[in-house]
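Below: the structure, in structure tokens.
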Amino acid sequence: MNQKPNDETQQSVRVALDARSYDIEIGADLLALAGAHIAPHLKRDRVAIVTDSHVAKHHLQTLQAALTHAGIASTTSIIPAGENSKSFGRLEQLCGWLLDEKIERDDCVIALGGGVIGDLTGFAAAIVRRGLRFIQIPTTLLAQVDSSIGGKTAINAAQGKNLIGAFFQPELVLVDTQVLNTLPARELRAGYAEIVKYGALGNAAFFDWLEANGGDVLAGDAAAQTYAIAESCRSKAGIVARDERESGERALLNLGHTFGHAFEALTGYSNTLLHGEAVALGMVLAFDLSVARGHCAPEDAARLKALLEAAALPVTMTRIGNGNFAADALVGAMAQDKKVKSGKMRFVLVEGLGKSFLTDTVSPADLRAFLIAQGALETTEVSREGQRQ
Ligand code: GLY
């Protein structure tokens, strides 16, 4: 990973993976300049764009015009917006379309959208003709700081989310901070939770910076957004370069996710709780559990809670839906987590802000008692119906 010197609203972060290394270019209005950034990656002047119905309305024309301006022809597939598009059916359709369009191995496929588009398109690019070339243009804050970087691609299975996929790195990630202006405020805040995560898991100085400047990031200040996104990308790029396939350190990026996924599962992956909101609540619980087990000072947990609360993110389970979560249901959902190894749940805990570690020493009984202390119900009489409100 290295950093190029840049002005306040232009930054470049390198993901160092030997022959598969790539740059994340971050700046205001990069979408309008996409042709110039993409052209050096092309072997012929033709690309395929995959986007969704929402993103197409706001940003497709700008991208197409930028490509045309650079002399690059494009063909576009517009996929229905939403998590349901991460399906076998949609994957089959997309792969068929790429083949019908005669997209060759040396051609680039561009994913223009949020995590769903990036995950689906990346996976299709990984398997069509045993691998096409692939560029990410993430349009949500969450995708800009997390899912577009690091090469995780996947669709969902009946058995769970993201269970069918591949590690497949993009050739370039183009992050335009201006596209965040069209993002609903709630989604911006949910993406901000993932930014806070990088400070909380391994970068205490960045956490301090967010305490002072997080409001500017949320208010749309271009320089603050560029810095926050670049610093997040630097954190992730460093971890991915050291542990691409998550055999160790990369699992720290799941801070808050074991708890968070359980709340997402029990609220039916619905609008009740967005992924970033679940991560916010999950991080608070991970810090509180770390305090309860004597690893972390309560002051650090309080600082995390205050930073997330200032962004109107959920920090207590009793404010999610009707607030009724059975401890046993939560423990059951956590036992299904992808990180379970040899039957043992693995948690990312902390010794303080910026000091995370992995442990498999939290027993289901300890976890249950902790969740009850945090407001989960001892009874198993909570209806799923109630939780889905
Ligand atoms: N979102 C976590 C990772 O990319 O590893």
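The sequence shown begins at 1 in our numbering and counts up one residue at a time. The C-beta atom is built at its ideal place from N, Cα and C for all residues, glycine as well. On a predicted model such as this, the values are computed, not experimentally measured, just so you know.
Secondary structure at residue i, three-state DSSP: helix, strand or coil?
| i | result |
| --- | --- |
| Ser-363 | coil |
| Gly-386 | For Gly-386, the predicted model reports a pLDDT of 41, less than 50, meaning its position is unreliable; a value from the coordinates is still stated below. Helix, per DSSP. |
| Lys-57 | helix |
| Arg-44 | coil |
| Glu-187 | helix |
| Pro-298 | helix |
| Phe-325 | coil |
| Asn-203 | coil |
| Asn-271 | coil |
| Arg-250 | helix |
| Ala-81 | coil |
| Glu-211 | helix |
| Ala-73 | strand |
| Ile-195 | helix |
| Glu-277 | helix |
| Val-350 | strand |
| Phe-168 | coil |
| Leu-30 | coil |
| Val-145 | helix |
| Ser-342 | coil |
Does the Cβ of residue i lie closer than 6 Å to at least one heavy atom of the ligand GLY?
| i | result |
| --- | --- |
| Asp-146 | yes |
| Gly-215 | no |
| Arg-250 | yes |
| Lys-152 | yes |
| Leu-17 | no |
| Leu-253 | yes |
So, at 8 Å on beta carbons, what are the nonlocal neighbours of residue i in its own chain, with the 5 sequence-adjacent residues on each side left out?
| i | result |
| --- | --- |
| Ala-335 | Met-345 and Pro-364 |
| Asp-29 | Asp-176 and Gln-178 |
| Ala-19 | none |
| Leu-163 | Ala-154, Asn-156, Ala-157 and Lys-338 |
| Gly-391 | Since the first residue of the chain shown is 1 and the last is 389, residue 391 is not available in this structure. |
Residues in the same chain with beta-carbon distance under 6 Å from residue i, minus the five sequence neighbours each way, listed in chain order, please.
| i | result |
| --- | --- |
| Ile-79 | Asp-52 and Ser-85 |
| Ala-228 | Ile-195 and Val-217 |
| Glu-385 | The pLDDT assigned to Glu-385 is 42, lower than 50, so where the model puts this residue is not dependable, and the model offers no usable value. |
| Arg-129 | Arg-105 |
| Gly-81 | Here residue 81 is Ala; the residue named in the question, Gly, does not match the sequence. The answer, listed in chain order, is Asp-52, Ser-53 and His-54. |
| Pro-5 | Low confidence applies to Pro-5: its pLDDT is 40, below 50, so where it sits in the model is not reliable enough to give any reading. |
| Arg-133 | Cys-108 and Glu-171 |
| Ile-372 | Ala-327 and Glu-378 |
Please determine, among the options, the residue with the shortest C-alpha to C-alpha distance to residue i.
| i | options | result |
| --- | --- | --- |
| Ala-329 | Phe-259, Gln-136 and Glu-309 | Phe-259 |
| Ile-320 | Leu-281, Leu-289, His-37 and Leu-285 | Leu-281 |
| Phe-168 | Val-362, Leu-349 and Val-109 | Val-109 |
| Leu-304 | Val-15, Leu-210, Pro-138 and Gly-238 | Leu-210 |
| Leu-349 | Ala-154, Ala-223, Ala-81 and Gly-256 | Gly-256 |
| Val-362 | Gly-352, Val-55, Ala-292 and His-69 | Ala-292 |
| Phe-287 | Gly-352, Leu-274, Gly-332 and Glu-246 | Gly-352 |
| Lys-161 | Val-55, Ala-262 and Leu-358 | Ala-262 |
| Gly-114 | His-58, Ser-342 and Gln-64 | His-58 |
| Ala-333 | Thr-140, Gly-268, Ser-235 and Phe-134 | Gly-268 |
| Thr-182 | Leu-201, Asn-203, Leu-172 and Gly-220 | Gly-220 |
| Gly-354 | Thr-379, Ser-235 and Ser-247 | Ser-235 |
| Arg-368 | Asp-107, Glu-378 and Ala-306 | Glu-378 |
| Leu-98 | Leu-285, Ser-74 and Ala-70 | Ser-74 |
| Gly-165 | Gly-215, Ala-326 and Gly-122 | Gly-122 |
What is the residue span of the beta strand (DSSP E) that residue i lies within?
| i | result |
| --- | --- |
| Asp-23 | 22 to 27 |
| Ser-12 | 10 to 15 |
| Lys-152 | 152 to 157 |
| Leu-120 | Element bounds for Leu-120: not the beta strand (DSSP E) but the alpha helix (DSSP H), 115 to 127. |
| Ile-239 | First-last for Ile-239: 222 to 242, but that is the alpha helix (DSSP H), not the beta strand (DSSP E). |
| Ala-376 | Taken as a continuous stretch (DSSP letters only), Ala-376 belongs to no beta strand (DSSP E), as it is neither H nor E. |
| Gln-136 | 133 to 138 |
Start and end of the alpha helix (DSSP H) containing residue i?
| i | result |
| --- | --- |
| Cys-445 | Any property of residue 445 remains undetermined from this structure, which presents the chain solely from 1 to 389. |
| Val-315 | First-last for Val-315: undefined, no H or E at that position. |
| Phe-263 | 257 to 266 |
| Gly-35 | 34 to 38 |
Residues in its own chain within less than 7 Å of residue i by CB, not counting five upstream and five downstream?
| i | result |
| --- | --- |
| Leu-17 | Gln-169, Ala-241 and Glu-244 |
| Phe-206 | Tyr-198, Gly-199 and Glu-231 |
| Ala-66 | Leu-31, Ala-32, Leu-33, Ala-34 and Gly-35 |
| Cys-296 | Phe-287, Ser-290, Val-350, Glu-351 and Gly-352 |
| Ala-190 | Leu-142, Leu-274, His-275, Gly-276 and Glu-277 |
| Pro-184 | none |
| Phe-370 | Leu-289 and Ala-292 |
| Ser-87 | Ile-155 and Asn-156 |
| Ser-383 | Confidence at Ser-383 is low in this model, with a pLDDT of 46, below 50, so the placement of that residue should be treated as unreliable; the coordinate-derived value is given next. Result list for Ser-383: empty, nothing under 7 Å. |
Taking 6 Å as the cut-off, is the CB of residue i close to at least one heavy atom of the ligand MN?
| i | result |
| --- | --- |
| Gly-282 | The ligand MN is absent from the structure shown, which contains only the ligand GLY. |
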